[in-house]
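The numbering of the sequence shown is the numbering used here, which starts it at -14 and goes up by one. Think of the CB as a built atom: it goes at the ideal place given N, C-alpha and C, for glycine as much as any other residue. Bear in mind that the values here come from a model prediction, so they are computed numbers and not experimental data. Below is one structure; the comments refer to it alone.
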Amino acid sequence: MCGIVGYIGSKRATDILVGGLKRLEYRGYDSAGLAILHEGELKLRKVLGKLRVMEQSVEEEPIEGTVGIGHTRWATHGRPSVRNAHPHTDSSGRIALVHNGIIENYVELKTELQAEGVEFVSDTDTEVIAHLVGKYYKGDIAAAVREACARLEGAYAIAVVCRDEPDRLVAARLFSPLIVGLGDGENFIGSDIPAILDRTRDVYILDDGDMAILTREGIELCRVTGEPVRHEVYHVDWDAGAAEKGGYKHFMLKEINEQPTAFRNAMRGRIREGSSEIELPELSLTDEQLLGFRRGFVTACGTAYYAGLVGKFLLENLARLPVDSDLASEYRYRNPIIHKDQLTITVSQSGETADTLAALRMAREQGSHTLSIVNAVGSSIARDSDDVLYINAGPEIGVASTKAYSCQSLVLAMFALHMAKVRKTISKERYAQLVDELKQLPDKAQRILDDVSRIQEASAKYGQYNNFLYLGRGANLPSAYEGALKLKEISYIHAEGYAAGEMKHGPIALIEPACPTVAPAVRGAVYEKIVSNLQEVRARDGQIIAVAFEGDTDIERHADFVLRVPECDELLSPILVALPLQLFAYYCADARGCDVDQPRNLAKSVTVE
Ligand code: AGP
């Protein structure tokens, strides 16, 4: 997820673009860049790091000009670096472009362009678009953008300027957000409303497939295919702070609600439209190498570790690969046995967690092939791994990990299915059925988010208690651990995640009305078992909040309160079960007036031991 801005008017573009990018910094902040038109020239400025580096750069060396585009990056293809920073230009240097999204067919397009003699200077998918626009440019930048977009597969929100047409700025979107701001003798574009809110509150919100051609005098809206289109002007009545959170009260709530989009981005380029195949093009491991692994080992910290446990369960269940696991803070110090035929999998949102990084380095030093499942592109864990699968969830600002957890689990599910196919431990039908189920997850997640009233009711009814037991089994044991952690870390309510089968071996002593039990209880291999555990809880007057599939009427007899998720394969259910558990914790914490986005004593990335 990146941030793009554009301006055409009579004021100095730099001030407006940098100001807009600063308000989009929550969308990405590993590098930034500007392209400004002035007196027949196209001036580029790119920096590594946060926006304050760009602010300092333009202060020390101002850039004149009243038309331009800007970008703040969250790397997906190509590590954070100046040469990978946007804007990117075509070979002539007269066209500059910024982009937010993922181009799925960029490798094919890059090969085609290279065969025509185009030389690339970056590792990004975006540079392909710039060269395509340059290829099709014959004096009309809007027509060239139109032709280039027709070749693209994937997601894009782009803004384009051309040195030879200084009075036009062109923008287009597909599956990435883009808005147009209406001014008086000036017009704006931005990835999101905060980018332009200090300049205008009247915007067009573009739809997928829309294009906008901005001049100082006006805005032409059309489809990328050329047909004119009309949009009502939307008047924004949010304040800037709320706008950065997309109108949500907290970044955490915004990120919980971003999960359907994040799931689509995690699968983008890995499960193509209309396909039942999983492709992991970024994986260096050949099928033969994958077959060479006799065991796996998962290590991480906190929420990321629980996502790793989801992956462990799926790799064992689907790929029949023995997978062990341990917390990184334990693994790194217990002089473990590390086998050369072991695939060590680390999981990390930030890619900077000290214990996880140390465990990874130890495994690698002892000859194990390492694969990391990471959100932050180019982070230390990503760089030190032999292979990395990025989750493409976009920046996660809230300290409590939400969309990263579910996307880590989703990417691990794709990897487990890929391994199962290579190891021939899954039938074609079962493989196709699970891939199809993965593709349904974004819409199913949206259904949960479309009606959170029952979850709000549950937090209102049970949020005053100070102790909770989270019980899980099988695929959803990690859900119990993660649900308890979410409640603990943002509401400061004590909650313990436990294997339901272990309850009789001690925790059952805790059961009483003032210690409610939360239990994922979805139909599947261990449903009857978890239900009998709930009966044991009930027999001791324990209150029960169950998380169950829609349509499961039996569960009503065994729980005091039922939170529902759409039916899906039990193996993938942790990805959906996470959402009500995240929201339950969120509403309990918010009701207690806790600082949800920055809970006490916590940091987003624990880069020290
Ligand atoms: C997540 O809610 C927690 N804040 C914490 O457990 C986190 O998951 C853990 O510190 C690992 O961070 P990482 O994913 O960036 O490695």
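Which value, in whole angstroms, describes the spacing of the CA atoms of residue i and residue j?
i	j	result
Gln520	Leu268	46 Å
Val3	Gln431	34 Å
Ser357	His71	26 Å
Arg68	Asn586	38 Å
Glu202	Ile478	57 Å
Asp428	Asp435	10 Å
Ala20	Asp0	13 Å
Gln418	Ala385	32 Å
Val43	Val221	30 Å
Asn242	Ala343	33 Å
Gly63	Val396	19 Å
Asp183	Gly254	36 Å
Val516	Gly383	34 Å
Ala401	Val562	19 Å
Asp169	Thr200	11 Å
Tyr291	Gly232	30 Å
Tyr316	Ser590	19 Å
Glu487	Thr185	59 Å
Phe278	Lys409	14 Å
Glu171	Asp311	57 Å
Ile411	Pro584	43 Å
Would residue i and residue j qualify as a contact pair, given that the criterion is a beta-carbon distance under 9 Å?
i	j	result
Ala285	Ala313	yes
Leu154	Ile174	yes
Val420	Ser464	no
Asp75	Lys120	yes
Val52	Leu22	yes
Glu422	Asp537	no
Ala157	Val130	yes
Ser(-5)	Arg58	no
Leu548	Pro559	no
Leu472	Phe546	no
Ile126	Val83	no
Val308	Arg280	yes
Leu94	Val118	no
Gly296	Ser364	no
Gln334	Ala367	no
Leu27	Val146	yes
Leu163	Ala133	no
Pro505	Gly448	no
Gly13	Pro380	yes
Asn451	Val507	no
Ala574	Ile475	yes
Tyr416	Lys406	yes
Which partner residues does residue i have in the DSSP bridge list?
i	result
Asp309	Phe282
Ile376	DSSP, once it has assigned bridges, lists no residue as partnering Ile376.
His354	Leu328
Tyr(-8)	Gly53 and Phe173
Arg30	Leu19
Arg158	Ala142
Ala531	Ala504 and Val547
Please classify residue i as buried or exposed, where buried requires at least 16 neighbouring CB atoms within 10 angstroms.
i	result
His354	buried
Thr210	exposed
Gly352	exposed
Lys325	exposed
Gln327	buried
Leu276	exposed
His116	buried
Val106	exposed
Tyr455	buried
Asp108	exposed
Ile322	exposed
Ala140	buried
Ala60	buried
Val218	exposed
Thr361	Just to set this straight, residue 361 is Ala in the shown sequence, not Thr. The residue in question, Ala361, is buried, as its Cβ has 16 or more Cβ neighbours within 10 Å.
Thr96	exposed
Ala389	buried
Asn518	buried
Asn320	exposed
Val595	A query on residue 595 cannot be resolved here, the shown segment of the chain reaching from -14 to 594 and no further.
Are there any heavy atoms of ligand 2 lying less than 8 Å away from the beta-carbon of residue i, as far as the coordinates show?
i	result
Gln334	You won't find ligand 2 in this model; what it holds is ligand 1.
Is it true that the segment 85 to 100 meets the segment 238 to 255, where meeting means three or more beta-carbon pairs spaced less than 8 Å apart?
Contact holds: three or more Cβ-Cβ distances are below 8 Å.
Flag this pair as touching only if the segment 254 to 266 and the segment 216 to 234 have three or more C-beta atom pairs under 8 Å; answer yes or no.
Cβ pair count under 8 Å is below three, so no.
Quick check: the segment 9 to 19 against the segment 175 to 193, are at least 3 beta-carbon pairs closer than 8 Å?
These segments touch.
Quick check: the segment 498 to 515 against the segment 523 to 543, are there 3 or more CB pairs under 8 Å?
Enough Cβ pairs lie closer than 8 Å, so yes.
Does the contact criterion of 3 or more C-beta pairs under 8 Å hold for the segment 480 to 489 versus the segment 573 to 580?
No: fewer than three Cβ pairs fall under 8 Å.
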